[in-house]
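Heads up: the sequence shown begins at 3 in this note's numbering, then just goes up one per residue. Each remark here refers to the structure printed beneath this line.
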Amino acid sequence: MENKHCAARKVTYRIPLYSEAIAVMRSSYRFATIKNFTGALMKLKFKALAIACMLATMSISAHATTEISWWHSMAGALGDRVNGLADEFNKSQTEYKVVPVYKGAYDEAMAAATAAYRAGNAPDILQVFEVGTATMMYSKGAIKPVSEVMKLAGEPFDPAAYVPAIGGYYAAPKGAGLLSLPFNSSTTVMFYNKDMFAKAGLDPNKPPVTWTELAADAAKLKASGAKCSYTTTWQSWVELESFSTWHNVEFASRNNGFDGLDTRLKFNSPLHVKHIQNLANWAKQGLFTYAGRKDEATSKFYSGECGLLTGSSSSYADIAKNSKFKFGIATLPYYNDVPGAPQNTMIGGASLWVMGGKKTEDYKGVAKFFKFLSQPEVQAKWHQETGYLPTTLAAYEITRKSGFYDRNPGTDVAVKQMITKTTDKSRGIRLGNMPQIRTIIDEELENVWTGKITPKQALDTAVERGNLLLERFEKTNK
């Protein structure tokens, strides 16, 4: 018998073959008489098996490999890169084996992990999108903060090493380290089609900086024959959430939820209403095209249909792969009459959470893996291959010094938007039930694009409906 699996301890071990113990029988055979041969043989068999079991126990200690389960939401090429990270770590040592498992989209993986935790078989590591942060941190007993895990394992860990807007977003209250490990972080940027700009008589190397300039450029793109001048992905994230941090205004009270559960939505301010009203006007003029709630607009851009796109910096890889034209990357537009703008954009993507109720050995394995992922060289490679942000300043410096940004102009735009020191209003958004609030925003904004209600009505209604969810979350987690 060999390579049996011990599920209780999540280790792989080898039990010596029965033939390896038969020598013991033979060595004792001379003590047996013909008369009691059968009885002696039986005794020797039991003795041999006892020795085999003893050797098996010794083998377990010598060859134990603790498995670390990692549930993630990275499909396709990104999923391949996740598997590559696990393989690289596994080959670097023999104590632990990270096993990545794709569990569907972010919301699906989160739901699966919740059910698994209740059933007592949650994964060791779970990838959670940024809007799930509040839900995770208030799940008492379900998670173990990453700073605690690293301390328990005796692994060095410095939260200050992370890009301010990223580390600050996943920071625990009152400076108690990080709640989760920043992994695939992104932010909002603007992509533009340089060929379409040239055709419209615009300077291909001069993208719009303000929303006023974007509207003017969009009009020229339309006049030159463009089917779609401007579009956006993830409208709540881009046009309201990141819009708020970029202009250093509140999306919600209590510093966007960072200061307590008794937070309420504030994205129906005059500035927010003005922006949605402008988008509604541009939609009527044929300058803005709504493509869908998620990233449907990305394909409209790289197919050459739309000339301007606001969306995730992580779309760079898809756009570079699929576009047949020259494109540029620029910062998110802003209103230059707003004091303090531009500040920093909103974080997106996801982080890695450690589930609670695990054994110390499991946490040590997680810590070893997180130490590996945090290496500047590993971070820099991940950033360059995927388009996600370098989560640490050291990874950014490695990438910059390597000449990557010079060879790929514009890929550093997202980083520059994030490396500035954050304010209480621009640190990020930490609200309970945020995925559901996004759905409410989508529903109300879609009513604006179809002309059913005014922008003010839409935002007022979204705030009212969203606040009911915040009140419910507050009562549940007090």
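The beta carbon of each residue, even a glycine, is placed where N, CA and C say it ideally should be. All values derive from a computational prediction rather than experimental measurement.
Under the criterion of beta carbons closer than 8 Å, Phe269 and Val465 qualify as touching, at roughly 7 Å. Gly313 and Trp236 do touch by the CB rule: their CB atoms are close to 7 Å apart, below 8 Å. In the DSSP assignment, Pro184 falls within the unbroken beta strand (DSSP E) covering Leu183 to Asn195. DSSP places Ser71 inside the beta strand (DSSP E), whose first and last residues are Thr68 to His74. With a minimum length of 3 residues, there is no unbroken run of beta strand (DSSP E) contained wholly in the segment 411-466. The three-state reading of DSSP puts Lys99 in strand, counting E and B together. Cα atoms of Asn186 and Ala107: separation of roughly 14 Å, rounded to the nearest angstrom. Of Ser271, Ala174, Ala115 and Ile421, the smallest CA-CA separation from Asp462 is found for Ser271. Setting aside the 5 residues that flank it on each side, Ile439 is surrounded in the same chain by Leu433, Gly468 and Leu471, each with a C-beta closer than 7 Å to its C-beta; the list follows chain order. According to the DSSP assignment, Ser246 belongs to the alpha helix (DSSP H) that extends over Phe245 to Trp248.
Nearest to Ile278 by alpha-carbon distance, out of Phe475, Glu448 and Leu87, is Glu448. For Ile349, no alpha helix (DSSP H) segment is defined; the enclosing uninterrupted segment is the beta strand (DSSP E) at Ile349 to Val356. The alpha-carbon separation between Arg295 and Leu183 amounts to approximately 27 Å.
In the structure shown, Gly309 adopts extended strand secondary structure according to DSSP, grouped into three states. In chain order, Leu289 place their CB closer than 7 Å to the CB of Ala221, counting only its own chain and leaving out the 5 sequence neighbours on each side. Note that the segment 112-121 does not touch the segment 409-418; fewer than 3 beta-carbon pairs, one per stretch, sit closer than 8 Å. In the DSSP annotation of this structure, the continuous segment of the alpha helix (DSSP H) that includes Val368 starts and ends at Thr362 to Leu375. By the neighbour-count definition (other C-beta atoms within 10 Å, threshold 16), Phe327 is an exposed residue. Between Tyr171 and Glu215, the beta carbon gap of about 29 Å keeps them out of contact (Cβ cut-off 8 Å). The Cβ atoms of Ala124 and Met357 lie closer than 8 Å to each other. For Ala136, the enclosing alpha helix (DSSP H) begins and ends at Thr135 to Met139. Taking 3 residues as the shortest admissible run, the segment 192-238 contains the following complete beta strand (DSSP E) segments, listed from N- to C-terminal end: 230-234. For Ala285 and Ala293, the gap between their C-alpha atoms comes out near 12 Å. If the five residues before and after Leu391 are omitted, its C-beta is found closer than 8 Å to the C-beta atoms of Val165, Ile168, Ser187, Ser188, Thr189, Ser315, Gly351, His385, Ala416, Val417 and Met420, all from its own chain and listed in chain order.
Burial is judged here by how many other beta carbons sit within 10 angstroms of a residue's own beta carbon; Ser428 has at least 16 and is buried. Residue state for Ala144 is assigned as coil, using DSSP reduced to three classes. When C-alpha distances from His249 are compared across Asn346, Ile442 and Thr116, the shortest belongs to Asn346.
In this structure, Leu128 is the residue among Gln95, Lys93, Leu128 and Asp109 with its C-alpha nearest to the C-alpha of Pro102.
Pairwise C-beta distances place the segment 142-151 out of contact with the segment 393-406, as fewer than three of them are shorter than 8 Å. Proximity to Pro158 across Gly262, Gln377, Thr422 and Leu395 peaks at Gln377, based on C-alpha coordinates. Looking at Trp213, Asn195, Ala218 and Ala217, the one whose alpha-carbon comes closest to that of Asn207 is Asn195. Residue Asn324 holds the alpha-carbon nearest to the alpha-carbon of Ser301 among Asn280, Asn324 and Ala282. Contact between Thr233 and Leu311 holds: their C-beta atoms lie close to 6 Å from each other, under 8 Å.
The DSSP-derived three-state label of Gln345 is coil.
Under the three-state reduction of DSSP, Gln129 is assigned to strand.
Here DSSP, grouped into helix, strand and coil, assigns Ala107 to coil.
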